[in-house]
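In my numbering, the protein residues as written are 1449 to 1694.
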């Protein structure tokens, strides 16, 4: 990249010197310089965009990403490499608190993750999400996430969906099932529901992510040049690009 920029810069300088040496009027020389500079900027922009797209294509699908739910503060989080594999790690309450206190310094929050993705609760619009047989809307799932005891609420949902009696033995059985799914704390429960919401929302439309970015309900950090371009592209163009990539 540095070599390419260097060659381009040398060409610009040589062109300017040649035209000035041949006695072109000052205003014409400046006009030429501006035209060449614009062309050079376009080349540099194109190279940056190409390199960034290549990086995202190669790394985004498999690199470690940190997902945080912003709902009047950081409420849940999980880390994920490959979407759809089920290989999800939940973020504990202590770490979430540290993220909340560092929100003004996204580099600190991101750490060594490839991307930090902060999703506002307003981004979720799915009409139905199945929680062990119970069809719940995004707003209902968010109500569980916002509650002080989401794990207990989930136990009640599961018990009622299977028409099980409300006994200590039944509750312990369901809690064990949750534990076997790596859901041991309220923070785990919130993260699990958040992850399910994310997968459902992304599955609803391939444009959910880009639409959220354009609307400001989804932040991807660092926001490299590709994501900056996506935010300003008309949705119809973005849709055609995504369709061609599928």
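The beta-carbon is built from N, C-alpha and C at its ideal position, and this holds for glycine as well.
Since this is a predicted model, take the numbers as computed values, not measurements.
Between the alpha carbons of residue i and residue j, how many angstroms are there, rounded?
i            : j            : result
residue 1597 : residue 1603 : 10 Å
residue 1577 : residue 1657 : 18 Å
residue 1616 : residue 1653 : 41 Å
residue 1642 : residue 1524 : 7 Å
residue 1630 : residue 1613 : 24 Å
residue 1671 : residue 1618 : 47 Å
residue 1674 : residue 1610 : 47 Å
residue 1592 : residue 1574 : 15 Å
residue 1545 : residue 1557 : 11 Å
residue 1529 : residue 1507 : 10 Å
residue 1608 : residue 1625 : 15 Å
residue 1669 : residue 1621 : 41 Å
residue 1587 : residue 1511 : 30 Å
residue 1606 : residue 1681 : 43 Å
residue 1514 : residue 1562 : 8 Å
residue 1521 : residue 1665 : 13 Å
residue 1660 : residue 1589 : 19 Å
residue 1595 : residue 1519 : 12 Å
residue 1567 : residue 1505 : 21 Å
residue 1503 : residue 1509 : 10 Å
residue 1633 : residue 1495 : 47 Å
residue 1646 : residue 1663 : 16 Å
residue 1627 : residue 1579 : 16 Å
residue 1683 : residue 1677 : 12 Å
residue 1704 : residue 1542 : Any property of residue 1704 remains undetermined from this structure, which presents the chain solely from 1449 to 1694.
residue 1667 : residue 1648 : 18 Å
residue 1565 : residue 1526 : 10 Å
residue 1547 : residue 1560 : 14 Å
residue 1623 : residue 1599 : 8 Å
Under the DSSP definition of a beta bridge, which residues are partnered with residue i?
i            : result
residue 1666 : 1567
residue 1647 : Paired residue(s): none; residue 1647 is not in a bridge.
residue 1536 : 1528
residue 1497 : Beta-bridge pairing links residue 1497 to no other residue.
residue 1515 : 1526, 1565
residue 1583 : 1578
Could you give the first and the last residue of the continuous alpha helix (DSSP H) run that contains residue i?
i            : result
residue 1586 : 1586–1594
residue 1546 : 1541–1549
residue 1676 : 1673–1680
residue 1555 : 1554–1558
Can you look up residue i in the DSSP assignment and give me helix, strand or coil?
i            : result
residue 1635 : helix
residue 1610 : coil
residue 1616 : helix
residue 1572 : coil
residue 1507 : helix
residue 1640 : helix
residue 1655 : coil
residue 1630 : coil
In terms of residues, what are the limits of the beta strand (DSSP E) holding residue i?
i            : result
residue 1578 : 1577–1579
I want to know whether the region 1537–1553 touches the region 1629–1640 - three or more CB-CB distances under 8 Å. yes
Would you check if the region 1492–1506 and the region 1541–1553 touch, i.e. whether three or more CB-CB distances between them fall below 8 Å? no
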